[in-house]
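Start counting the sequence shown at 702; every next residue gets the next number (the working numbering).
Ideal Cβ placement from N, Cα and C applies to all residues, glycine included.
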Amino acid sequence: MRNVLASSCLAFLLLACEEEAHFCHLMDCEDALTVEASSALGAKYTVEVVIQGTTSTISCDIPADADGKAGVVSGSTLRADCFPSNVVIYGAPAEVTVRFRDEDGTLLGEEALAPEYEVSQPNGEGCEPICSQAQDEVQTVPAANPNPKS
């Protein structure tokens with residue numbers, strides 16, 4: 702009986718050792734929607750974002766030396782980042798209306814979007830966090846004074 706028990710325990714340990722260990726990395730990610738403008742934006746522009754009937758206005762100031770870096774965001778309770786040709790809205794709204802306006806208030810473009818999000822797990826399958834990210838585009842006319850970095 703002891704030999705049967707010892708053999709069973711040994712077989713279990715060998716099978717357990719054959720299973721691959723599951724490790725999770727420590728990368729972070731956030732839910733986000735990147736909205737591209739189809740034409741050049743100005744160095745200063747605003748983005749009106751309507752989510753579930755609530756409008757948030759994002760004021761963007763893109764420095765001349767931006768080169769892909771985020772510009773200065775002001776005037777919004779919505780978390781966002783501004784870039785020369787797009788805005789990143791943090792969160793994953795199912796439906797959103799986005800309006801790009803020039804610095805003088807001229808409407809450059811407006812669209813109601815229903816983004817298709819891709820789910821990612823940067824730390825591996827079965828590991829947190831799980832993030833939803835999408836990219837969409839709003840058809841715009843060029844700004845009066847386009848930013849050369851757009």
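Item	Value
Taking serine 833 as the reference, give the member of Tyr791, Leu808, Gly827 with the closest Cα.	Tyr791
Going by CA-CA distance only, name the one from Pro843, Arg800, Cys725 that's closest to threonine 758.	Arg800
Can you tell me the Cα-Cα spacing of aspartate 805 and glycine 827, whole angstroms?	48 Å
Given valine 705, which residues of its chain have a CB within under 8 Å of its CB, disregarding the five upstream and five downstream residues?	At valine 705 the pLDDT is 45, less than 50, meaning the model places this residue with poor confidence; the figure from the coordinates comes in the next sentence. So no residue of the chain qualifies.
Which residues mark the beginning and the end of the beta strand (DSSP E) in which valine 751 is found?	745 to 752
Look at the alpha carbon of aspartate 762 and the alpha carbon of threonine 807, and state the distance between them as a whole number of angstroms.	16 Å
Considering only the beta carbon of each residue, do valine 788 and threonine 735 sit closer than 9 Å?	yes
Going by beta carbon distance, what residues of the same chain come within less than 7 Å of alanine 771, once the five residues before and after it are set aside?	Asp782, Cys783, Phe784
Which of the three DSSP states is assigned to phenylalanine 724 in this structure?	coil
Excluding five sequence neighbours on each side, which residues of the same chain lie with their C-beta closer than 8 Å to the C-beta of cysteine 725?	Asn824, Gly825, Gly827, Cys828, Glu829
Starting from phenylalanine 784 and walking both ways along the beta strand (DSSP E), at which residues does that stretch end?	First-last for phenylalanine 784: undefined, no H or E at that position.
Report the option in Glu817, Ala744, Glu737, Ser821 whose CA atom is closest to the CA atom of aspartate 766.	Ala744
From which residue to which residue does the beta strand (DSSP E) around cysteine 805 run?	Residue identity differs from the one stated: residue 805 is aspartate in this sequence, not cysteine. Here aspartate 805 belongs to no beta strand (DSSP E), and DSSP marks it neither H nor E.
Beta-carbon within less than 7 Å of serine 821's beta-carbon, same chain only, minus the 5 sequence neighbours each way: which residues are those?	Cys730, Cys832, Gln834
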